[in-house]
Amino acid sequence: MEKTLMIIKPDAVKARHIGHIISRVEAEHLEITGLCCLHLTREQAEEFYAIHRERPFFEGLIRYITSGPVVVGRLECEGAVEHWRKVIGATDPKKSAPGTLRALYGIDIERNAVHGSDSVENGIVESRFFFPE
Ligand code: UDP
Ligand code: MG
């Protein structure tokens, strides 16, 4: 089954939105086949976001994502990647459609509450990163 990776980011964990976000995952009929809570090390974060290494926001992103615990989940359904991206909304919460998780819970373009894989390929790679088979 197609897989995508969810991360409930530190701002949303701190603001006690874990329950709301997981409820939404289930309401959207995405099956949770892996779930854990952990505090990413700088090494893990830099590897996970390696594709953004040259971007101006990289350092801030790494500091943010390692600033507190996160909840990581592997979500599965047909078309999981596109479906989950639709549920979370655009990167910038100000531009996310009403009712999307980032519109509901995101603070700004950095602290945007949740992660979702951006392609079927990356859904596999990112799922393996946290849940090696
Ligand atoms: N990000 C940021 N500033 C930006 C763009 C992105 O801090 O201008 C952060 C934000 O937390 C985002 C993550 O970097 O979720 C990864 O960026 P990407 O462009 O992959 O956005 P996403 O796929 O998460 O929507
Ligand atoms: Mg991305």
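Residue numbers (my numbering): 6 to 138.
Where is the CB? At the ideal position from N, CA and C, for every residue including glycine.
Asked: Segment contact flag, the segment 17–25 with the segment 74–93, C-beta cutoff 8 Å, min 3 pairs; Found: yes
Asked: Near the ligand MG: residue 123 beta-carbon under 7 Å from a heavy atom; Found: yes
Asked: Inter-residue Cα distance where the pair is residue 31 and residue 48; Found: 31 Å
Asked: Counted within 10 angstroms of its Cβ, other Cβ atoms place residue 124 as buried (16 or more) or exposed; Found: exposed
Asked: Where residue 8 sits in the DSSP three-state scheme; Found: strand
Asked: C-alpha distance - residue 10 paired with residue 61, whole-angstrom precision; Found: 24 Å
Asked: beta-carbon residue 73 near the ligand ATP non-hydrogen atom, thresh 7 Å; Found: Although the ligand ATP was asked about, the structure shown includes only the ligand UDP and the ligand MG as ligands.
Asked: contact_flag[the segment 115–131, the segment 87–99] where n(CB pairs < 8 Å) is 3 or more; Found: yes
Asked: Proximity of residue 88 and residue 33 at Cβ, strictly below 8 Å; Found: yes
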